[in-house]
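So the sequence shown is numbered by numbering that gives the first Met the number 0: it starts at 0 and just counts up by one.
Beta carbons: idealized from backbone N, C-alpha and C, even for Gly.
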Amino acid sequence: MVTASHNPKEDNGYKVYWQNGAQIIPPHDKGIQETILKNLHPWDKSWDTSILSTSERLIDPLHEAMDCYMRALARDMLEPELNLSSKIEITYSAMHGVGYPYMVQAFKAANFKPFVAVEEQKEPDADFPTVRFPNPEEKSALDLSIETANMNNSTVILANDPDADRLAVAEKQSEGDNEWYVFSGNELGALLGWWSWYSHRRRNPDENPSQLYMMASTVSSKILKTIAAAEGFNFIETLTGFKWMGNMAAELQGQGKTVLFAFEEAIGFMCGTEVLDKDGVSAAIRVAEMAAFLSNKGMTLKGKLHELFSMYGYHISDNSYFLCYEQPVIERLFGRLRTFSGSPNTKPESDTRYTQ
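Following this line, the structure appears as structure tokens:
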């Protein structure tokens, strides 16, 4: 899959998936690389494009896959009748990416009334003209969404990155006030983790929680670990990236286990195992469903978050980054991190308070 994701418009990239539906990890990545290096000279038939219209092996599975995906979304809704009657107005931004038509289908499948679209960001545009970076985590990236939401009396904002695999969420703080709270990835991980646990238990009250799993990467909040210890299900911490969580989920499924949820602090969420990767569309539907459920009980998303902190303990994080465009500086920095005092793959032994 070719994707620019949430990166600047000058960047591009791709994801490679294995037959289990998760992104490749060792040894498959090395095997693919070796095969590429052995076949750098194109085959004579590589330029024959007639195969695109004549091969019986070439199919377009999009419609079939989307039908299955939307049916799964509908099946996973806890109270679809509540979704339909919800008074919450939702504004959505595709951030100049591909998410809009799929989100329209997803809202319909989940029994929600249509959302308000950010018109300026609804259609794909490789120049991303309204944002500096098409990254919903950037503070200014939601400016148009907030403006649209205020004009349409929305109380919840959902925003995908351009390839729609990540999700940002903001919530209006009070009636008549234009103050918005933008949730961090760790906060959304706590909320979606709770919702995954709560809705699964509602459907399966007698199931042994020892067969249930949630995951987060090592750079993410450990609140799911705390909730798991209190409620009796399992928590697994993986290396950074959904390729590790997706493959772990596939492995657990093969053992007959149930994976409810996985997340990473960079607003990436895997709700269930229909998609063994972060998925901003299904995550958006879960947030919309959770917001409708809480609103029916007189609660907000932020109010529920603080209730979770009161129940399981406060988990606080403060993430930041800086931009560096000079390759020699980047190489020096990472060289020092990886080779302490000139020794490869080492770290200081005298003070390990900040290492894991």
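Do residue j and residue i count as a contact pair if the criterion is CB distance below 9 Å?
i           : j           : result
residue 138 : residue 155 : no
residue 227 : residue 81  : no
residue 280 : residue 167 : no
residue 221 : residue 305 : no
residue 106 : residue 187 : no
residue 251 : residue 212 : yes
residue 229 : residue 248 : no
residue 160 : residue 135 : yes
Whole angstroms are fine: how far does the CA of residue j sit from the CA of residue i?
i           : j           : result
residue 65  : residue 157 : 21 Å
residue 336 : residue 330 : 10 Å
residue 307 : residue 38  : 54 Å
residue 61  : residue 32  : 28 Å
residue 101 : residue 129 : 21 Å
residue 300 : residue 72  : 21 Å
residue 317 : residue 209 : 32 Å
residue 44  : residue 52  : 15 Å
residue 243 : residue 22  : 8 Å
residue 201 : residue 117 : 35 Å
residue 376 : residue 7   : Residue numbering for the chain in the displayed model covers 0 to 355; residue 376 lies beyond these limits and cannot be assessed.
residue 289 : residue 194 : 7 Å
residue 278 : residue 190 : 16 Å
residue 78  : residue 111 : 11 Å
Quick one: what's residue i bridged to in DSSP?
i           : result
residue 236 : 215
residue 92  : 158
residue 116 : 91
residue 166 : 159
Within its chain, find whatever has a CB closer than 8 Å to the CB of residue i; leave out the 5 residues flanking it on each side and keep chain order.
i           : result
residue 294 : 85, 86 and 87
residue 217 : 236, 237, 238, 239 and 355
May I ask you to report which of helix, strand or coil DSSP gives residue i?
i           : result
residue 246 : helix
residue 15  : coil
residue 56  : coil
residue 263 : strand
residue 180 : strand
residue 241 : helix
residue 257 : strand
residue 326 : helix
residue 353 : With a pLDDT of 47 at residue 353, under the threshold of 50, the predicted position of this residue should be treated as unreliable, though the coordinate-derived value follows. Three-state DSSP puts residue 353 in coil, outside helix and strand.
residue 76  : coil
Going by beta carbon distance, what residues of the same chain come within less than 6 Å of residue i, once the five residues before and after it are set aside?
i           : result
residue 265 : 184
residue 286 : 168
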